[in-house]
Amino acid sequence: MRHVFNIISYLFHPLFIPIGGTVLYFVMAPYSSLEMESGNILPIFILTVIIPIIFFLILKNLGVISSIFLPTLHERKYPLYISCIIFLMILYKVIPNNYVNELFYFFTGLLTATGACLILLFFKFKTSMHLLGMGSILTFMIALSIHFEKNITLAISLFTLFTGLVATSRLYLKVHNKNELLIGFLMGCCSQLIILKYWL
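Residue numbers (my numbering): -6 to 193.
In structure tokens form, the structure reads like this:
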């Protein structure tokens, strides 16, 4: 069972949430073009997946972090700083070149939630980044369904199930307690809900 929960933790790692939200948007958007998709998906993939992996390998070789799951408070600090910088680069350099209103606010929500996690670190609180990511993309998915008037109830139900599985895996692996999972999920949801009035 431990191996199953480890696989779930890897599959739904917060590293994949930004590109997951981006792909989700272009799958659902009725007016997306190939130029718009390539202008956003490729650079966002490079910035949010490839570059963080390179930084992870560098930090691991330097002995700053020990695992991709960042088990200690000290280890979480540097990846969160890097994430904030990357999200700012996407907001100011990538999206303006191929402007997509919904994606702009999705990443604004991710930046807000990541910044809040960083602040909580100074208060010695370890927020679950897995649940933050799941909460963010689940809320974004529901909002897109309303925005584009598409019935994706099955997809939302499945993703809700996946969110429960991720939460269970983090508890089973004893990486987080219930409070850390709950706060992470609420931060992910609320960061997206707060900005809905600007694009929904």
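We treat Cβ as the ideally placed atom computed from N, Cα and C, and that holds for glycine.
Predicted model, so just to flag it, every value in this text is computed and none were measured.
Element boundaries [alpha helix (DSSP H), containing residue i]
i	result
residue 20	10 to 21
residue 78	66 to 82
residue 122	122 to 140
residue 3	-5 to 4
Residues near residue i by beta carbon distance below 6 Å, same chain, minus five either side
i	result
residue 219	Since the first residue shown for the chain is -6 and the last is 193, residue 219 is missing from the structure and cannot be characterised.
residue 5	159
residue 138	145
residue 169	121, 163
Proximity of residue i and residue j at Cβ, strictly below 8 Å
i	j	result
residue 84	residue 99	no
residue 134	residue 152	yes
residue 147	residue 2	no
residue 34	residue 49	no
residue 52	residue 43	no
residue 141	residue 22	yes
residue 11	residue 41	yes
residue 184	residue -2	no
residue 37	residue 87	yes
residue 127	residue 56	no
residue 192	residue 95	yes
residue 136	residue 189	yes
Three-state class that DSSP yields for residue i in the structure shown
i	result
residue 56	coil
residue 86	helix
residue 24	coil
residue 31	helix
residue 184	helix
residue 115	coil
residue 145	coil
residue 167	coil
residue 93	coil
residue 189	helix
residue 104	helix
residue 63	coil
Close-in-space but distant-in-sequence residues of the same chain around residue i (CB under 7 Å, 5 per side omitted)
i	result
residue 108	77
residue 80	100, 103, 104, 107
residue 173	119, 120, 121
residue 13	130
residue 186	132
residue 150	none
Sequence-distant residues of its chain with Cβ nearer than 8 Å to residue i (five each side left out)
i	result
residue 45	8, 72, 75, 76, 79
residue 111	70, 73, 74, 77
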